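*Asks:*
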Amino acid sequence: MTAALLPAPATSAQAPDPVSLTVAVTGGLDGVQRVVTLLRGRGYPVRGLTADLDDDTGTLGLTLPLTVEEAELLVARLHRLPAVLRATLT
62 MTAALLPAPA TSAQAPDPVS LTVAVTGGLD GVQRVVTLLR GRGYPVRGLT
112 ADLDDDTGTL GLTLPLTVEE AELLVARLHR LPAVLRATLT
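Count along the sequence shown from 1, add 61, and you get the number used in the working numbering.
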């Protein structure tokens, strides 16, 4: 018995354009860690991350290749974290 090898189907879908998010957190580095844990746990493809920390607050800048719907879902998930004060698409 022989099996025919077929080529993999061509994917016409390209990766979405990168979107940028700004996330304000409380708890300093612990708040940043909670956001990063969510991103890793959900498998988000982070392409850029910056953090600006003060004593108890911080601001994260994120760049991810997501569709608008995926980005809005991420913002909703971030708002459910107690450490997140604000999350917006920029």
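Just so you know, even glycine gets a beta-carbon here, dropped at the ideal spot from N, CA and C. Just so it is clear, the structure is predicted and the values come from calculations on it, not from any experiment.
Select from Gln94, Ala85, Gly102, Pro79 the residue whose C-alpha is nearest the C-alpha of Thr149.
*Replies:* In the sequence shown, residue 149 corresponds to position 88, counting from 1. Out of Gln94, Ala85, Gly102, Pro79, Ala85 has the C-alpha closest to the C-alpha of Thr149.
*Asks:* Let me know if Ala76 comes out buried or exposed under the rule of 16 or more other beta-carbons within 10 Å of its beta-carbon.
*Replies:* Sequence index remark: in the sequence shown, residue 76 carries index 15 (1-based). Label assigned to Ala76: exposed.
*Asks:* With DSSP collapsed to three states, give me the class of Ala69.
*Replies:* To locate residue 69, count along the sequence shown from 1; it is residue 8. For Ala69, the predicted structure reports a pLDDT of 43, less than 50, and the residue's modelled location is therefore unreliable. A value from the coordinates is still provided. Correct three-state label for Ala69: coil.
*Asks:* Report the CB separation of Thr87 from Asp116 in whole angstroms; it is logged as a contact under 8 Å.
*Replies:* As a working note, residue 87 is residue 26 in the sequence shown. As a working note, residue 116 is residue 55 in the sequence shown. Actually they are not in contact, since the Cβ atoms of Thr87 and Asp116 sit about 11 Å apart, beyond 8 Å.
*Asks:* Buried or exposed for Gly109, going by 16 or more other Cβ atoms inside 10 Å?
*Replies:* The residue given as residue 109 occupies position 48 in the sequence shown. Gly109 comes out exposed.
*Asks:* Kindly indicate which residue of Ala132, Leu121, Glu130 has the alpha-carbon position closest to the one of Arg147.
*Replies:* Taking the sequence shown and counting its residues from 1, one reaches residue 147 at position 86. Among Ala132, Leu121, Glu130, the Cα nearest to that of Arg147 is on Leu121.
*Asks:* Whose CA, out of Leu114, Val97, Val93, lies closest to the CA of Pro106?
*Replies:* In the sequence shown, the residue the question calls residue 106 occupies position 45. Here the closest residue by C-alpha is Val97.
*Asks:* Taking the Cβ atom as the reference point for each residue, do Thr128 and Thr83 lie within a distance shorter than 8 Å?
*Replies:* Residue numbering aside, residue 128 sits at position 67 when the sequence shown is read from its first letter. Residue numbering aside, residue 83 sits at position 22 when the sequence shown is read from its first letter. Taking 8 Å as the Cβ cut-off, Thr128 and Thr83 do not qualify as a contacting pair.
*Asks:* What is the rounded straight-line gap between the Cα of Gly89 and the Cα of Arg95?
*Replies:* Numbered from its first residue, the sequence shown carries residue 89 at position 28. Numbered from its first residue, the sequence shown carries residue 95 at position 34. Their Cα atoms are separated by approximately 10 Å.
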